[in-house]
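Those letters in the sequence shown? Residues -17 to 236, per my numbering, in order. Reading through the structure tokens given below for one structure.
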Amino acid sequence: MTVRKALAPVIGAVMCAAVLGTGCAQQQPGASPQDSQTSGRPASRPATPHPAPPRSFPRPLPGLGPAMRARVPDASRQALVVSGATEDSSEARAVLYEQYPAQGWRAVAGPWPAHNGLRGWTDDHEAGDLHTPTGVFRLSDAGGRLPDPGTRLPYDQDPEFAVSGTGHLGEPLEGSFDYVIAIDYNRVPGTTPLDKTRPLGEDKGGGVWIHVDHDGPTNACVSLSEEHMRALLTALDPDKEPVVVMGPEPFLAQ
């Protein structure tokens, strides 16, 4: 036997061992190396996109339509909404709202029962008509016969706030002006609620306040219980430019 013939089996065995040592195996026709590496493993699925979070919008003042919301000053972040069921109603409810940057308007006090003018509401108030004027008005000054309960509004304690006599239902009026908040209708803001200056003229009335309830309709004011008056006085913050939004529900919904 020649040397070349003797070495041939040895060289073949060495080449086969080398191929097996690399981990290579015989591939099926048409199969790619990548196919052979992923054989036996499930194919990866594309990631499912997470749904976008729902968009949230700041909550507007409840019960107010676009026209009334537009009348609330942009800078106001406190609003007392006083609403009656109908134009002729002398009974109402009051809710204090505050505006928060992300949430919008949120109720912080109330609802509280309230009274308004004996003959209900009007958008053209005149002196002595026994209606409460509708609209949006600032709340800038307070006062009363009793000492300041801790309000941040300017407060005028004065014995002139004493009142006597009876109301429209024969109820006693004593104590009704123990606490008052002036509604800035036909008055000069920054003055005591007792100030009688009437920029719109005497025939348009004035002295429209939020005051202590006497269990009956008012001439033109809005009244709350003494407890709720103290709560309102201590909650109002002039830095938040508080307003009162008031009228019958259909009017406010405009």
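Backbone N, C-alpha and C define an ideal beta-carbon position, used for all residues, glycine too.
- One alpha carbon belongs to Pro129, the other to Pro136, and they sit about 12 Å apart.
- Taking a 10 Å sphere around the C-beta of Ala84, we find fewer than 16 other C-beta atoms and assign the residue as exposed.
- Assignment of beta-bridge partners to Met228 by DSSP yields Val64, Gly117.
- If you look at Pro83, you'll find it isn't in any alpha helix (DSSP H); DSSP assigns it neither H nor E.
- The residues Ser122, Asp123, Pro136, in chain order, have a CB closer than 8 Å to that of Gly172 in the same chain once the five nearest residues on each side in sequence are set aside.
- The alpha carbon of Thr133 has as its nearest neighbour, out of Leu155, Thr116, Tyr161, the alpha carbon of Tyr161.
- The criterion of a C-beta distance shorter than 8 Å is satisfied by Gly157 and Val194.
- Using a 10 angstroms sphere on the CB of Gln236, the tally of other CB atoms stays under 16, which defines it as exposed.
- DSSP, reduced to helix, strand and coil, places Asp185 within a helical segment of the structure shown.
- The alpha carbon of Pro40 has as its nearest neighbour, out of Pro199, Val190, Trp87, Pro93, the alpha carbon of Trp87.
- When C-alpha distances from Pro44 are compared across Val64, Ala57, Asp56, Pro55, the shortest belongs to Val64.
- Sixteen is the threshold: since fewer than 16 other Cβ atoms of the shown chains lie within 10 Å of the Cβ of Gly110, the residue is exposed.
- Look at the beta carbons and you see the region 99 to 106 not touching the region 211 to 222: under three pairs across the two are nearer than 8 Å.
- Residue environment: Arg169 is assigned as buried (16 or more neighbouring CB atoms within 10 Å of its CB, all protein chains considered).
- Nearest to Arg127 by C-alpha distance, out of Leu100, Lys178, Glu208, Gln81, is Glu208.
- Within the region 146 to 224, the runs of beta strand (DSSP E) that reach at least 3 residues and sit entirely inside it are, in chain order, 162 to 165, 191 to 194, 204 to 206.
- In the three-state reduction of the DSSP assignment, Pro95 falls in the strand class.
- DSSP places Glu142 within a helical segment (H, G or I) once states are collapsed to three.
- Closest in alpha carbon position to His113, among His210, Val190, Val226, is Val190.
- Here Pro230 is near Ala67, since their CB atoms are less than 8 Å apart.
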